[in-house]
Structure formats: C-alpha cells, structure tokens
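Chemist: The numbering of the sequence shown is the working numbering, which starts it at -2 and goes up by one.
Please find one structure pasted underneath; my questions will follow.
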Amino acid sequence: MQISWYGKSCFKIQTKPQRGGKTVTITTDIFDVKSGLRPPQGQMDIITLSKSSYLTKKIDRLSKKSFVIDSAGEYSLKGVNIEGVELWQDNKKKEGAGRNTIFLLDSEGIRVCHLGSLGQALTEKQIEAIGEVDILFVPVGNSETLNIKTIKAIIGQLEPGILIPMNYKVKGLKEKLDTCDAFCNEFGGDKNIKENKLNIKAKDVKDIENKLVVLKVN
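And the structure:
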C-alpha cells in the first residue's frame, strides 16, 4: 500500500487488494485549486468525502469515472472494504458545523481510519464502531475545535500503529490553520523530517503503536 498526501485532508491511497491484481486508487476529500494547493490528478477509482460540502462541480465530473462515497454505510468496491461512520462534526450538532463521516478502509490486511473534519471527542460507542486501527489520519490544525488534549485522548482510545497528521498549515494553503508543531512535539516527532510517500505492508504495522509519520505535500 502506498499513501500520498496533498494537503488538507486529501490523501491518495494506492493498493492491490489481491496479490498480483490491479492497483486500486482511493482519494479522500479532494479539494479545489482555489485552496491554493494542487489537487491530485490521474486515476481515482474511489473518492470518499467526509463532508457533503466537499461536493463540487469537479466531483460531479469525476463521479462519471469514479465511485463517490459521501455518506455512512458499508461498501465493497474493487476488493476494498470501506465503512463510513457518521457523527456530528462538533458537540453543537445541528447548530454547529454539520455532519462528518469517518471512513475506514480495509485492504492488504491494513485498516486505515480517516477522521475527516472531526471536531470533538469520540464516544465509547463510536470507538467501538471504529474498532482496531493500523493507520490513523488525524486533523491537527484547528486547536479551537480539536485541541491537543482531545487529540491525545482519541489516539489513546484507538491505539493506532501509525499516526499521520493532516489538515494543518502548509505553504500555499489559503485557509488559516495551525501548524503541526504541537502535535509533533507531543508524539516525539520531528516536523522537519518528512517522507514523500508512505509504502507500507501489513507486517510493518504489527506490534507498533503511535509511530508518527509526517508526509510532504505532493
């Protein structure tokens, strides 16, 4: 499995669900060039959207070639199992920032959890629904909605093997977000050591916990 980050909460996950089979590409939370960043190009077999507000004319065009998932449920596509867990983005519910969908992707014996635009702590019921997590994509750039204490509590509950921060301030991004400094300091990582992509196998995530991987923007 290969994971690339494009900024915000957008990742491209390339996986071969069956040994020797075709590569399947899953893209999460694709954005518009108006953000100041360059969105991913090329093959997109599956697109997941944690918020329905991410639906744009571009998504409408892409949906003619890609399978777009923007709601909770269980999906099995091209050998990849995907589950969406819906919850409110913050504790204000209807009066707040709206709904958010957490996506869980299972392929090659690896379980990936994308927290989307999560802005509050998870309940025990939600933790149970998410289950075991090998790789966790966690939003770290908005301390007003999800501070480091809450992030630490969520990670403590999910106990992922690998942590990948997302949705934080990077060069070129027009949206005002915090840096990932506080998060990296908390989990013993160096923000200056970044990988272009993460190439990972199931055996690599066994018997490790909270390993921090910071990715460069592609």
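Even glycine gets a Cβ: it sits at the ideal position worked out from N, Cα and C.
Quick caveat, the model's predicted, so the values are computed rather than measured.
Hey, out of Ala199, Leu195, Asp201 and Lys208, whose CA is closest to tyrosine 3's CA?
Modeler: Numbered from 1 along the sequence shown, position 6 holds the residue referred to as residue 3. Closest by alpha carbon: Leu195.
Chemist: In the structure shown, what three-state DSSP assignment does asparagine 78 receive?
Modeler: Taking the first residue of the sequence shown as position 1, residue 78 is located at position 81. Strand.
Chemist: Quick check on this structure: which residue in Ala126, Gln123, Ile132 and Leu119 has the alpha carbon closest to the alpha carbon of aspartate 201?
Modeler: Position 204 of the sequence shown, counted from the first residue, corresponds to residue 201. Among Ala126, Gln123, Ile132 and Leu119, the Cα nearest to that of aspartate 201 is on Ile132.
Chemist: Just the Cα atoms here: how many angstroms apart are aspartate 29 and alanine 126?
Modeler: The residue labelled residue 29 in the question sits at position 32 within the sequence shown. The residue labelled residue 126 in the question sits at position 129 within the sequence shown. So the two alpha carbons sit approximately 31 angstroms from each other.
Chemist: Leaving out five residues on either side along the sequence, give the residues of the same chain with a beta carbon under 8 angstroms from the beta carbon of isoleucine 124.
Modeler: By 1-based counting over the sequence shown, the position of residue 124 is 127. Within the same chain, isoleucine 124 has close Cβ partners Gln154 and Leu155.
Chemist: Can you tell me whether DSSP reads glycine 70 as helix, strand or coil?
Modeler: The count along the sequence shown starts at 1 and reaches residue 70 at position 73. In the structure shown, glycine 70 sits in a strand (DSSP, three-state: E or B).
Chemist: Just the C-alpha distance for valine 214 and asparagine 139, rounded to the nearest angstrom, thanks.
Modeler: By one-based count along the sequence shown, residue 214 stands at place 217. By one-based count along the sequence shown, residue 139 stands at place 142. Cα-Cα distance, rounded: 18 angstroms.
Chemist: Would you say isoleucine 99 and isoleucine 66 are within 9 angstroms of each other, going by their C-beta atoms?
Modeler: By 1-based counting over the sequence shown, the position of residue 99 is 102. By 1-based counting over the sequence shown, the position of residue 66 is 69. No. Outside cutoff.
Chemist: With DSSP collapsed to three states, give me the class of glutamine 15.
Modeler: To locate residue 15, count along the sequence shown from 1; it is residue 18. Of the three classes helix, strand and coil, the one that applies to glutamine 15 here is coil, per DSSP.
Chemist: By DSSP, does leucine 133 sit in helix, in strand, or in coil?
Modeler: Residue numbering aside, residue 133 sits at position 136 when the sequence shown is read from its first letter. Of the three classes helix, strand and coil, the one that applies to leucine 133 here is strand, per DSSP.
Chemist: Sorted by chain position, which residues of the same chain lie with C-beta nearer than 6 angstroms to lysine 13's C-beta, five sequence neighbours on each side aside?
Modeler: Looking up residue 13 in the sequence shown gives position 16. Hits under 6 angstroms: Thr20.
Chemist: Just grab the DSSP bridge partners of glutamine -1 for me.
Modeler: As a position in the sequence shown, residue -1 is number 2, starting the count at 1. BP columns for glutamine -1 point to Gln11 and Asn196.
Chemist: Per DSSP, what are the beta-bridge partners of asparagine 97 in this structure?
Modeler: Position 100 of the sequence shown, counting from 1, holds the residue named residue 97. According to DSSP, which records beta bridges pairwise, asparagine 97 is partnered with Leu84.
Chemist: Skipping 5 residues on each side, what residues in its chain have a beta carbon closer than 8 angstroms to that of valine 167?
Modeler: Taking the first residue of the sequence shown as position 1, residue 167 is located at position 170. Result list for valine 167: Gly4, Leu34 and Val214, in chain order.
Chemist: In its own chain, which residues sit with a C-beta less than 6 angstroms from the C-beta of phenylalanine 64, not counting the 5 before and 5 after it?
Modeler: Locating residue 64 in the sequence shown gives position 67, counting from the first residue. Taken in chain order, the residues that qualify are Ile43 and Leu74.
Chemist: Am I right that leucine 115 and isoleucine 79 are in contact with their C-beta atoms under 8 angstroms? What's the rounded C-beta distance?
Modeler: As a position in the sequence shown, residue 115 is number 118, starting the count at 1. As a position in the sequence shown, residue 79 is number 82, starting the count at 1. No, leucine 115 and isoleucine 79 are not in contact; Cβ-Cβ is about 18 angstroms, not under 8 angstroms.
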